[in-house]
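Student: If you count by our numbering, then the sequence shown holds residues 4 to 219, one letter each, in order.
For glycine and all other residues, C-beta sits at the position ideal for the given N, C-alpha and C.
Structure provided below as structure tokens; questions to follow.
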Amino acid sequence: MKKTIAVLGLGKYGISLAKSMYEMGADVLVVDNDHDKLKDIEGYCTAAVCADLTNEDEVEMLGLKNVDIVAVAMAGNLSASIMSVAVAKELKVPLIVAKSSSDRMTSILKKIGADKVIVPEEYGGEQSARILASDTFLDYFEVDENLCMVEMLPLPKWVGKNMVELNLRKNYKINVIAYKNHSTGHWKILDPVEPLAADNELLIVLERDQLNRINK
């Protein structure tokens, strides 16, 4: 199902996230108070709105209740970040992601309702988009320009089957390193004949050109 995301703030991270999500097929609403930034990104979004994100009335008029994800990408503006997260939380947006520039800001954003806080030094816009655009990706790391590591839930068609039946190395060119069993919370080496459960978190390694085959 196509996702809808609102990216609030068009700094380097926000622009990268918006473009990556749009290229992955999401509906993207971008919001900033800078007309030039909005004009520059108009080919990489579904809609663009100029608004003061420190103004509660303007934030409430953005229609955030209709989106799947709100990404608050303004680490340099704490007041705008707080306002945006608070309004999104009140509107019961399913997933609220916020960019942070410090441990203190991270703590504040989590307390007021951010589901995930991004530190740009650890996650770039494309990395965040890979996770947000997917129903199964939980985390994503680039090992180098060709290889990546993904923490993910099994695809629905994998559930109930074991590694022998799935033959993921042949069919998807991926290697499953380990899995987390939620009953214990521990990572384990996967038994090749043990059926996968829907809540088994998998740690896999694959080449970047194979990502789109499992990033659904």
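Which residue marks the beginning of the alpha helix (DSSP H) containing Ile85, and which one marks its end?
Tutor: Translated into positions along the sequence shown, residue 85 becomes position 82. Leu81 to Glu93 is the extent of the alpha helix (DSSP H) around Ile85.
Student: Roughly how far, in whole angstroms, is the beta-carbon of Val120 from the beta-carbon of Val167, given that I think they are within contact range, below 8 Å?
Tutor: Within the sequence shown, the letter at position 117 stands for residue 120. Within the sequence shown, the letter at position 164 stands for residue 167. No, Val120 and Val167 are not in contact; Cβ-Cβ is about 39 Å, not under 8 Å.
Student: With DSSP as the reference, please indicate the residues paired to Tyr210 in a beta bridge.
Tutor: The residue labelled residue 210 in the question sits at position 207 within the sequence shown. The question names Tyr, but residue 210 in the sequence shown is Glu. DSSP output for Glu210 lists Leu150 as bridge partner(s).
Student: Please determine, among Leu214, Lys6 and Asn165, the residue with the shortest C-alpha to C-alpha distance to Ile177.
Tutor: Within the sequence shown, the letter at position 174 stands for residue 177. When each option's Cα is compared against that of Ile177, the closest is Leu214.
Student: Can you give, in chain order, each stretch of the beta strand (DSSP E) that sits fully within the region 18-61 and has at least 3 residues?
Tutor: The qualifying runs are 30-35 and 50-53.
Student: So does the region 30-50 actually touch the region 92-107, counting three or more Cβ pairs closer than 8 Å?
Tutor: No, they do not touch.
Student: So Ile111 is in the alpha helix (DSSP H); what residue range does that whole segment cover?
Tutor: Locating residue 111 in the sequence shown gives position 108, where the first residue counts as 1. Per DSSP, Ile111 belongs to the alpha helix (DSSP H) from Asp106 to Lys114.
Student: Have a look at Glu26 and Ser19 and give me their C-alpha separation to the nearest angstrom.
Tutor: Numbered from its first residue, the sequence shown carries residue 26 at position 23. Numbered from its first residue, the sequence shown carries residue 19 at position 16. Cα-Cα distance, rounded: 11 Å.
Student: For Val167, does the three-state DSSP call read helix, strand or coil?
Tutor: Reading the sequence shown from its first residue, position 164 is the one you call residue 167. It is helical.
Student: Using the three-state DSSP reduction, which class does Ile192 fall into: helix, strand or coil?
Tutor: The sequence position of residue 192 within the sequence shown is 189, counting from 1. Coil.
Student: Pull up the distance between the alpha-carbon of Lys114 and that of Leu13, whole angstroms please.
Tutor: The residue you call residue 114 lines up with position 111 of the sequence shown. The residue you call residue 13 lines up with position 10 of the sequence shown. Rounded to whole angstroms, Lys114 to Leu13 spans 24 Å at the Cα level.
Student: Would you tell me roughly how many angstroms separate the C-alpha atoms of Lys102 and Arg133, rounded to the nearest one?
Tutor: To locate residue 102, count along the sequence shown from 1; it is residue 99. To locate residue 133, count along the sequence shown from 1; it is residue 130. Roughly 16 Å separates the two Cα atoms.
Student: Give the secondary structure of Lys102 by DSSP, where H, G and I count as helix, E and B as strand, and everything else as coil.
Tutor: On the sequence shown, position 99 is the one that residue 102 refers to. Here Lys102 sits in strand by DSSP.
Student: Which residues does DSSP list as the beta-bridge partners of Val179?
Tutor: Counting from one through the sequence shown, the residue named residue 179 turns up at place 176. Answer is Ile207, bridged to Val179.
Student: Name the one or two DSSP bridge partners that Lys119 has.
Tutor: Your numbering for residue 119 matches position 116 in the sequence shown. Answer is Val100, bridged to Lys119.
Student: Any idea what DSSP makes of Leu135, helix, strand or coil?
Tutor: As a working mapping, residue 135 is identified with position 132 in the sequence shown. Residue state, collapsed to three classes: helix.
Student: Mapping DSSP to helix, strand and coil, what is Leu67?
Tutor: The count along the sequence shown starts at 1 and reaches residue 67 at position 64. Residue state, collapsed to three classes: helix.
Student: Starting from Val73, follow the beta strand (DSSP E) in both directions and report where the run begins and ends.
Tutor: Against the sequence shown, residue 73 aligns to sequence position 70. Ile72 to Val75 is the span of the beta strand (DSSP E), which, as asked, contains Val73.
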